[in-house]
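Inspection log for the structure reproduced underneath, given as structure tokens.
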Ligand code: HEM
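Numbering (our numbering), first residue to last: 110 to 616.
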């Protein structure tokens, strides 16, 4: 709080203290022997200040380190399209038209570090924490609707190939395509990524997608498969490589700035939240597996049906406390939702909370940004930086940190509806799924792009592949030709004209 003094300067009514609460009387000079030093060790204020500063950073996210976030809300339509949503899911946040659930959203790039340029070609993360009346629900998605791989065991490989070279510390197309040329499942994602969709103009003008199939479960315990989509009201706008380079020459924070400034001036970003629904099952009539995260569900067969809208209307007050320490995970679902059998999804569900226990600490869920907005009563106690004991605060018996107990202690809840109990049987094995169809949707995507998007895609691929050796180029041309003849032909022609050009300039 400030008051104005007679000379017009501001006088604060707040006193600077140490973290022990001691008033600080001198924040300019260390305690020294004479005014020229040396400095003595009994300088509590200095030691506290500098040693806290020495620990100001936590490990940045192993992927998606560069991000921006904002608070807002999800508003339910109470329906899925024109049907009552209760038919499909009993999740309470969706049921009543007009009900609002607070959210925190973090957008990100994937590969480079915490202050890397936001103009880079990279998938964009789109992670949402819904603070629902039944506890938190996290949806951790991206803007491209699909992914490079379909088995979680390949995730460290795909990330290492895209991350900087362990020797030169530079991202290197020769390493990326060394891996991608041997990974046909990536062709669909690569087709999106090297098109202008690989550089969205801003986070406000970007689509979000949950990518995986999840399940919705109704009161009877019956489930359907569901995919989530967030369609921006400001439209979807993407950049050419040249446009991105021009922006980067002026600012490497343009997406963070755009989001923050738009919210600050009241131009609130908004998305229509839609779902695609499919009956649970293998669907042999489709030429892809519905659980394969390298595929979209064609919208003409599985229409996008609105269930609500999401609005971001409040900037974070502290970047570190909120955006850096927020922790999303694919395992964080509420009643009325369930996991599908997608193998990639199950691997992710282990990885997120695991990394957060390391990155933030075992009590990361006690931080305000991660705390559910409902009463939390667990018997998980202690550990580094334990901030409180949940159930004791509610008046429960502080001697009880186990369950069951005869005393006034947390009891298990009654199920909200019939459990969903899918039957599973099969041989335990290491096998790729049967319907890989790695090229079909990549080719459809190539043909669906507008001509300028196709031109950009070919140009960007030729640029990257021209740095690779012939074996990799040929293998990639082989893959792209299987996606679409014209796609492969144009990249091959682009590469040979590059070779002719360099022969001419070096001759
Ligand atoms: C097996 C596959 C995957 C694994 C093991 C994995 C693992 C991780 C890890 C360890 C983080 C860092 C989290 C943190 O430090 O808080 C992360 C962040 C993230 N991942 Fe994944 N990931 C996988 C696939 C995907 C896919 C398919 C998507 C998109 C649908 C995705 C979207 C994200 C997003 C958006 C973030 C950033 C979350 C934030 O803003 O804090 N990941 N991932």
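Ideal Cβ placement from N, Cα and C applies to all residues, glycine included.
### Message
Below 8 Å, how does it come out for the region 287-299 and the region 329-339: are there three or more Cβ pairs, yes or no?
### Response
No, because fewer than three Cβ pairs between the region 287-299 and the region 329-339 fall closer than 8 Å, the two stretches do not touch.
### Message
Taking DSSP's pairing of strands, which residues face residue 537 in a bridge?
### Response
Here residue 537 is not bridged, per DSSP, to any residue.
### Message
For the ligand HEM, I want to know if residue 617 counts as a neighbour, meaning its beta carbon is within less than 6 Å of at least one of the ligand's heavy atoms.
### Response
The structure shown does not extend to residue 617, since the chain spans only 110 to 616, so no value can be given for it.
### Task
Rank 425, 325, 566, 424 by C-alpha distance to the C-alpha of residue 448 and give the top, closest one.
If you compare the alpha carbons of 425, 325, 566, 424 with that of residue 448, the shortest gap goes to 325.
### Message
I'd like the span of the beta strand (DSSP E) that includes residue 210, first residue to last.
### Response
From DSSP, the beta strand (DSSP E) with residue 210 extends over 209-218.
### Query
So is residue 128 buried or exposed if we call it buried at 16+ other beta carbons inside 10 Å?
Exposed, by the Cβ-count rule.
### Query
If you follow the beta strand (DSSP E) that residue 385 is part of, which residue opens it and which one closes it?
Judged by DSSP secondary structure, residue 385 falls within the beta strand (DSSP E) whose first and last residues are 379-388.
### Entirely enclosed alpha helix (DSSP H) segments - the region 522-600, minimum 4 residues
Listed in chain order, the complete alpha helix (DSSP H) runs (minimum 4 residues) inside the region 522-600 are 549-557, 560-574, 579-592.
### Message
Between which two residues does the alpha helix (DSSP H) holding residue 326 run?
### Response
Here residue 326 belongs to no alpha helix (DSSP H); instead the beta strand (DSSP E) covers 323-326.
### Task
Indicate, with yes or no, if the ligand HEM has a heavy atom lying under 6 Å from the CB of residue 462.
Checking the Cβ of residue 462 against the ligand HEM gives no.
### Message
With three or more C-beta pairs closer than 8 Å as the rule, is the region 566-575 touching the region 300-312?
### Response
Taking 8 Å as the limit for Cβ pairs, the verdict is that the region 566-575 does touch the region 300-312.
### Where residue 272 falls: helix, strand or coil (DSSP)
If DSSP states are grouped into helix, strand and coil, residue 272 belongs with coil.
### Query
If you count every other CB in all the chains shown that lies within 10 Å of the CB of residue 272, and 16 or more means buried, which is it?
The Cβ neighbour count for residue 272, taken over all protein chains shown within 10 Å, is at least 16; the residue is labelled buried.
### Query
Which residue's Cα is closest to the Cα of residue 523: 269, 409, 316, 243?
Of 269, 409, 316, 243, the residue nearest in Cα terms is 243.
### Message
Please report the distance separating the alpha-carbon of residue 317 from that of residue 367.
### Response
Looking at the two C-alpha atoms, the distance is approximately 17 Å.
### Sequence-distant residues of the same chain with beta carbon closer than 6 Å to residue 342, five excluded per side
Closer than 6 Å at Cβ, skipping near neighbours: 379.
### Length-filtered (3 minimum) beta strand (DSSP E) runs lying within the region 225-267
Those beta strand (DSSP E) runs which fall completely within the region 225-267 and span 3+ residues are 233-241, 244-251.
### Message
Closer than 8 Å is the cut-off here; do at least three beta carbon pairs connect the region 410-429 with the region 165-183?
### Response
Yes, the region 410-429 is in contact with the region 165-183.
### Message
Rounded to whole angstroms, what is the Cα-Cα separation between residue 482 and residue 204?
### Response
Cα-Cα distance, rounded: 19 Å.
### Query
For residue 526, which residues of its own chain have a beta-carbon under 6 Å away from its beta-carbon, when the five flanking residues on both sides are left out?
Contacts found: 199, 328.
### Message
Does residue 393 pass the burial test, meaning 16 or more other C-beta atoms within 10 Å, or should it be called exposed?
### Response
Counting Cβ neighbours within 10 Å, residue 393 comes out exposed, since fewer than 16 surround it.
### Task
List the DSSP bridge partners of residue 447.
Answer by DSSP bridge pairing, in chain order: 324.
### Query
Residue range of the beta strand (DSSP E) that residue 415 falls in?
Per DSSP, residue 415 belongs to the beta strand (DSSP E) from 414-423.
### Message
Does the contact criterion of 3 or more C-beta pairs under 8 Å hold for the region 491-502 versus the region 252-262?
### Response
Judged by Cβ distances under 8 Å, the region 491-502 makes no contact with the region 252-262, as fewer than three pairs qualify.
#### Entry: Three-pair Cβ contact test at 8 Å for the region 233-240 versus the region 209-219
Counting Cβ pairs under 8 Å, three or more are found: they touch.
### Query
Does the ligand HEM have even one heavy atom less than 6 Å from the beta-carbon of residue 453?
The answer is yes for residue 453.
### Query
How many Å lie between residue 510 and residue 474 at the Cα?
Looking at the two C-alpha atoms, the distance is approximately 18 Å.
### Message
Let's test the definition: count the other Cβ atoms within 10 Å of the Cβ of residue 609 and tell me whether it reaches 16, buried, or not, exposed.
### Response
Using a 10 angstroms sphere on the CB of residue 609, the tally of other CB atoms stays under 16, which defines it as exposed.
### Message
Alpha carbons only, please: which of 226, 176, 580, 137 is nearest the one belonging to residue 434?
### Response
Ranking 226, 176, 580, 137 by Cα distance to residue 434 puts 176 first.
#### Entry: Range covered by the alpha helix (DSSP H) that runs through residue 411
For residue 411, no alpha helix (DSSP H) segment is defined, and its DSSP state is neither H nor E.
### Message
For a test of your reading of the model: does the CB of residue 251 fall under 6 Å from any non-hydrogen atom of the ligand HEM? Yes or no.
### Response
Yes - the ligand HEM has a heavy atom lying nearer than 6 Å to the Cβ of residue 251.
### Query
Does DSSP put residue 343 in a helix, in a strand, or in coil?
Here residue 343 sits in coil by DSSP.
### Query
When DSSP labels each residue in this structure, what does residue 603 get in the three-state scheme?
Annotated three-state conformation of residue 603 is helix, per DSSP.
### Query
The beta strand (DSSP E) with residue 456 in it runs from where to where?
Taken as a continuous stretch (DSSP letters only), residue 456 belongs to no beta strand (DSSP E), being part of the alpha helix (DSSP H) at 452-468.
### Task
Taking the CB atoms as reference points, tell me whether residue 132 and residue 122 lie closer together than 7 Å.
Between residue 132 and residue 122, the C-beta gap is not smaller than 7 Å, which leaves the two residues out of contact.
### Query
Would the region 546-553 and the region 393-405 be scored as touching if the rule is three or more Cβ pairs under 8 Å?
They touch, by the three-pair rule.
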